[in-house]
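Asks:
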Amino acid sequence: MSLKKYFLAAVCLTGATLCFTVGAASQNRVAVMGTPDDLFLALRDASRNGDLDTVNALAPRLADYAIPSYVDYYKLKPRLRDLQAPQSEIRDFLSRYDGSAIADRLRNDWLLELGKAGDWTTFDEQYPLFVLDDDTQLKCYALTSRALKNQKVAAEARALLIAPKDYGSACTGLVGMLAQNEQFSGDDLWAQIRLAIEVGQPAVARSIAVFTDDADNGANVQQAIDKPAQLVARGPGRGRPAHELYIIALGRIAKSNPPQAAAFLTSGGERLSKQERELAWAQVALQSAMKLAPESMDYWRKTKDVTLSADGYQWKVRSALRVGDWGMVRSTIESMPAQLRADPAWIYWLGRALKADNKPEAARKEFTSIADQANFYGQLALEELGSQIVVPPSPAPLSLADVAVMQQNEGFRRALKFYDLNLRFDGSREWNWELRKMNDRQLLAAAEFARQNDVLDRMVNTSDRTRTEIDFTQRFPAPHLDQMTQNVRPLGLDMAWVYGLIRQESRFVRNARSHVGASGLMQIMPATAKWVARKIGLSGFSPDQVNDVDTNLVLGTNYLNMVLGNLDGSQAMASAAYNAGPGRPRDWRATLTQPVEGAIFAESIPFNETRNYVKNVLSNATYYAALFENKPQSLKARLGVITPKSSEPADLP
Numbered sequence: 001m002s003l004k005k006y007f008l009a010a011v012c013l014t015g016a017t018l019c020f021t022v023g024a025a026s027q028n029r030v031a032v033m034g035t036p037d038d039l040f041l042a043l044r045d046a047s048r049n050g051d052l053d054t055v056n057a058l059a060p061r062l063a064d065y066a067i068p069s070y071v072d073y074y075k076l077k078p079r080l081r082d083l084q085a086p087q088s089e090i091r092d093f094l095s096r097y098d099g100s101a102i103a104d105r106l107r108n109d110w111l112l113e114l115g116k117a118g119d120w121t122t123f124d125e126q127y128p129l130f131v132l133d134d135d136t137q138l139k140c141y142a143l144t145s146r147a148l149k150n151q152k153v154a155a156e157a158r159a160l161l162i163a164p165k166d167y168g169s170a171c172t173g174l175v176g177m178l179a180q181n182e183q184f185s186g187d188d189l190w191a192q193i194r195l196a197i198e199v200g201q202p203a204v205a206r207s208i209a210v211f212t213d214d215a216d217n218g219a220n221v222q223q224a225i226d227k228p229a230q231l232v233a234r235g236p237g238r239g240r241p242a243h244e245l246y247i248i249a250l251g252r253i254a255k256s257n258p259p260q261a262a263a264f265l266t267s268g269g270e271r272l273s274k275q276e277r278e279l280a281w282a283q284v285a286l287q288s289a290m291k292l293a294p295e296s297m298d299y300w301r302k303t304k305d306v307t308l309s310a311d312g313y314q315w316k317v318r319s320a321l322r323v324g325d326w327g328m329v330r331s332t333i334e335s336m337p338a339q340l341r342a343d344p345a346w347i348y349w350l351g352r353a354l355k356a357d358n359k360p361e362a363a364r365k366e367f368t369s370i371a372d373q374a375n376f377y378g379q380l381a382l383e384e385l386g387s388q389i390v391v392p393p394s395p396a397p398l399s400l401a402d403v404a405v406m407q408q409n410e411g412f413r414r415a416l417k418f419y420d421l422n423l424r425f426d427g428s429r430e431w432n433w434e435l436r437k438m439n440d441r442q443l444l445a446a447a448e449f450a451r452q453n454d455v456l457d458r459m460v461n462t463s464d465r466t467r468t469e470i471d472f473t474q475r476f477p478a479p480h481l482d483q484m485t486q487n488v489r490p491l492g493l494d495m496a497w498v499y500g501l502i503r504q505e506s507r508f509v510r511n512a513r514s515h516v517g518a519s520g521l522m523q524i525m526p527a528t529a530k531w532v533a534r535k536i537g538l539s540g541f542s543p544d545q546v547n548d549v550d551t552n553l554v555l556g557t558n559y560l561n562m563v564l565g566n567l568d569g570s571q572a573m574a575s576a577a578y579n580a581g582p583g584r585p586r587d588w589r590a591t592l593t594q595p596v597e598g599a600i601f602a603e604s605i606p607f608n609e610t611r612n613y614v615k616n617v618l619s620n621a622t623y624y625a626a627l628f629e630n631k632p633q634s635l636k637a638r639l640g641v642i643t644p645k646s647s648e649p650a651d652l653p
């Protein structure tokens with residue numbers, strides 16, 4: 001919904017309900033006209049931009065707005081910065097809206113400012129009250145507060161500090177404090193620096209480098225990032241910092257040319273210690289593995305048992321899977337940190353490695369531990385135990401009273417209002433907040449309430465949370481079935497696969513739009529929509545039709561059919577192509593040295609998003625097939641086997 005803005009010359013009647021001037025202190029005064037929803041959206045934008053003049057002008061006009069807690073939040077939020085707002089006002093807000101999602105959000109905002117200001121007394125009082133506790137920076141501040149009290153927090157910090165993109169100043173500050181009080185060693189600091197560079201966060205690396213022994217290491221780290229060839233050409237140099245910078249520079253070279261980095265290391269790494277050489281090989285191996293290069297296995301073998309990053313462990317396993325080295329698969333998974341080792345992917349592949357090592361009981365234990373999970377690896381584990389995927393028994397029908405309770409839920413009402421405003425993030429935050437303490441029966445009722453209000457993504461998400469009462473009609477809905485049938489049958493497409501893809505793409509939100517511009521149920525890019533429309537002779541097509549259900553399904557199913565035919569009928573490869581473009585799966589297949597299971601192909605896709613996408617689409621499709629056909633299904637059969645084949649140009653957008 002657009003907000004209409006007019007310069008001072010616009011006519012604005014004094015006392016009009018929806019017409020007023022804002023920004024009086026600025027030279028270009030603006031008069032704003034619109035509905036209460038327009039004004040609320042303007043208030044939200046002004047608050048997020050820190051525009052207090054506009055906030056103060058808009059808020060009084062929203063005294064009777066449908067979601068007053070958010071009006072009050074947007075009034076207060078800009079003044080939290082640098083703790084401008086009095087504590088009494090903040091505490092009053094938290095008291096008035098105690099137990100609500102927006103109160104927890106405000107406490108999150110306040111805690112960040114308290115940590116930044118070093119008000120540890122108030123921080124320590126408020127942090128235990130932060131319900132979601134999902135902010136990495138706050139966790140770093142909490143550890144900082146404890147470290148200031150001389151508590152030992154290094155082990156917890158190491159477990160926490162694994163995603164540098166979430167660090168902010170709080171976590172880099174924690175690293176510095178732990179280095180200063182000697183809870184973190186040089187090994188910890190350089191591991192953090194390497195990790196930050198590995199995941200594309202050079203600013204974090206520079207910030208941490210200043211805590212090392214050499215005060216110039218921040219600048220030196222930047223040089224290793226920007227001009228790695230110069231540094232590597234000079235050799236490792238002397239001392240720990242010089243060796244670490246050499247290792248970093250090798251990793252940077254390997255990012256574009258792993259064999260060149262390997263050649264440098266082979267010829268110039270003699271001055272490194274054994275552990276340093278293994279760390280250097282890990283840098284080269286990781287970049288080579290992410291390019292699916294066959295020589296990556298040679299590099300991984302040179303890493304021996306050195307401690308790796310999370311990506312390092314995972315890509316070492318993926319490389320071993322691609323060549324069938326089950327011994328390396330097992331040893332690498334068993335050496336992972338416990339948190340990573342608990343991922344269903346690595347539980348499954350450890351089970352497979354144990355099975356290959358003729359340890360059936362140990363393998364069975366691993367498979368059994370995840371076979372009840374409704375996901376890709378839970379399904380594969382179930383098949384390893386001799387079963388196939390079936391639809392679970394339906395739960396007892398819900399009563400009208402069950403759903404009526406959900407209709408009275410204030411959080412759900414706020415969520416629906418946000419969905420009407422097309423503020424899906426805010427709506428989902430309110431919706432999910434209400435689900436936290438619900439039992440299975442209540443979750444099913446909430447999911448049904450979502451269905452009745454045509455919020456199918458919340459229905460799916462909510463029903464997915466049940467543990468014992470499972471309703472597949474909620475988890476795997478099939479809306480627009482008539483239109484789908486009309487499009488799928490003439491093409492000979494697998495209906496279950498198409499629904500599995502839509503469930504992953506848009507969760508059935510008809511006007512869904514991605515950050516890159518894909519639209520509608522099947523998330524079609526504008527250029528692709530135009531190309532497909534021309535290819536199939538869809539006359540009169542215009543880009544604004546892409547969110548129309550019929551048009552979206554026509555374009556999406558036809559494109560999916562073209563992709564499938566272009567990739568030898570492999571649903572695994574075609575799903576990857578739908579997400580990442582048709583040329584990439586061909587290139588990935590061309591790197592294979594032997595046929596691999598579809599599950600191995602999926603697990604070793606270099607793009608995180610596409611890797612998860614393919615696994616979810618094929619898992620969804622298997623469940624949809626069980627629903628549609630009412631008989632047991634095999635995910636393994638659906639995945640098939642991917643054979644090596646030279647990459648060929650794809651005549652598809």
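Read left to right, the sequence shown gives residues 1 to 653 (my numbering). We put the CB at the ideal spot given by N, CA and C, even for glycine.
Can residue 353 and residue 323 be called in contact, C-beta distance under 8 Å?
Replies: No; because the gap between Cβ atoms is not below 8 Å, this pair is not in contact.
Asks: Hey, quick one: how far does the alpha helix (DSSP H) through residue 485 stretch, first residue to last?
Replies: Start and end: 481-491.
Asks: Measure the alpha-carbon distance for residue 398 versus residue 82 and round it to whole angstroms.
Replies: Distance between the alpha carbons of residue 398 and residue 82 is about 50 Å.
Asks: On a CA-only basis, which of 576, 132, 405 is nearest residue 449? Give me that one, please.
Replies: The candidate whose alpha carbon is nearest that of residue 449 is 405.
Asks: Where does residue 641 fall in DSSP's three states?
Replies: Of the three classes helix, strand and coil, the one that applies to residue 641 here is strand, per DSSP.
Asks: To the nearest angstrom, report how far apart residue 418 and residue 64 are at their CA atoms.
Replies: Rounded to the nearest angstrom, the two C-alpha atoms are 16 Å apart.
Asks: Return the bridge partner residues of residue 633 from the DSSP annotation.
Replies: Residue 633 is bridged to 389.
Asks: Within the continuous alpha helix (DSSP H) that includes residue 494, where are the two ends?
Replies: It is not in any alpha helix (DSSP H) - residue 494 carries neither H nor E in the DSSP assignment.
Asks: From residue 293 to residue 652, what distance separates their C-alpha atoms?
Replies: Cα-Cα distance, rounded: 26 Å.
Asks: From the DSSP secondary-structure annotation, give me the bridge partner or partners of residue 513.
Replies: Bridge partners of residue 513: 519.
Asks: Could you give the first and the last residue of the continuous alpha helix (DSSP H) run that contains residue 382?
Replies: First-last of the alpha helix (DSSP H) with residue 382: 376-384.
Asks: Evaluate residue 327 with the Cβ neighbour count: other Cβ atoms within 10 Å of its Cβ, from every protein chain shown; 16 or more gives buried, anything less gives exposed.
Replies: Exposed: under 16 other Cβ atoms inside 10 Å.
Asks: Sorted by chain position, which residues of the same chain lie with C-beta nearer than 6 Å to residue 228's C-beta, five sequence neighbours on each side aside?
Replies: Cβ neighbours of residue 228 beyond the five flanking positions: 249, 252, 253.
Asks: Would you mind reading off the limits of the alpha helix (DSSP H) that contains residue 102?
Replies: Residues 101-117.
Asks: Is the closest heavy atom of the ligand GTP to the C-beta of residue 590 under 7 Å?
Replies: The ligand GTP is absent from the structure shown, which contains no ligands of any kind.
Asks: Can you check the region 222-287 for any alpha helix (DSSP H) of at least 4 residues that lies completely inside it and give the ranges in chain order?
Replies: Counting only runs of 4 or more, we get 228-234, 240-256, 258-268.
Asks: Would you please state the rounded distance, in angstroms, between the beta carbons of residue 104 and residue 71? I believe it to be under 8 Å.
Replies: Incorrect: roughly 17 Å between the Cβ atoms, too far for contact.
Asks: Tell me, please, whether the region 296-315 touches the region 561-579 by the rule of three or more beta-carbon pairs shorter than 8 Å.
Replies: No, they do not touch.
Asks: For the alpha helix (DSSP H) that residue 475 lies in, which residues bound it at each end?
Replies: Segment 472-475, the alpha helix (DSSP H) holding residue 475.
Asks: Are residue 100 and residue 74 closer than 8 Å when you measure CB to CB?
Replies: No, Cβ-Cβ distance for residue 100 and residue 74 is not below 8 Å.
Asks: Return the residue from the list 447, 421, 422 that minimises the CA-CA distance to residue 432.
Replies: Of the candidates 447, 421, 422, the one whose C-alpha sits nearest the C-alpha of residue 432 is 447.
Asks: Here's the rule: buried if 16 or more other CB atoms are within 10 angstroms of the residue's CB, otherwise exposed. What is residue 571?
Replies: When all chains shown are included, residue 571 counts as buried.
Asks: Measuring CB to CB, does residue 471 end up less than 8 Å from residue 394?
Replies: Contact flag set, yes.
Asks: Identify which residue in 190, 163, 246, 562 has its Cα closest to the Cα of residue 581.
Replies: Here the closest residue by C-alpha is 562.
Asks: To the nearest angstrom, report how far apart residue 79 and residue 267 are at their CA atoms.
Replies: The straight-line gap from Cα to Cα measures roughly 59 Å.
Asks: Give the straight-line distance between the Cα atoms of residue 374 and residue 287, rounded to the nearest whole angstrom.
Replies: Spanning the two alpha carbons is a distance of roughly 32 Å.
Asks: Give me the residue from 187, 138, 380 with the minimum Cα distance to residue 110.
Replies: Nearest C-alpha to residue 110: 138.
Asks: With DSSP as the reference, label residue 182 as helix, strand or coil.
Replies: Looking at residue 182 - three-state DSSP - the assignment turns out to be coil, as it is neither helix nor strand.
Asks: Whose C-alpha, out of 423, 315, 147, 502, is nearest the C-alpha of residue 460?
Replies: Considering only alpha carbons, the answer is 502.
Asks: Could you check which residue in 585, 616, 481 has the C-alpha nearest to that of residue 601?
Replies: The candidate whose alpha carbon is nearest that of residue 601 is 585.
Asks: Taking 6 Å as the limit between beta carbons, can you name the residues of its chain near residue 509, skipping five residues before and five after?
Replies: If we look at residue 509 and ignore the five residues flanking it on each side, its Cβ neighbours are 457.
Asks: Which runs of the alpha helix (DSSP H), 4 residues or longer, sit entirely within the region 547-616?
Replies: Runs found: 549-566, 571-580, 583-590, 598-603.
Asks: Quick one: is residue 475 buried, meaning 16 or more other Cβ sit within 10 Å of its Cβ, or exposed?
Replies: It is buried - the Cβ of residue 475 has at least 16 other Cβ atoms within 10 Å.
Asks: What is the rounded straight-line gap between the Cα of residue 224 and the Cα of residue 246?
Replies: Using only the alpha carbons, I get a separation of about 7 Å.
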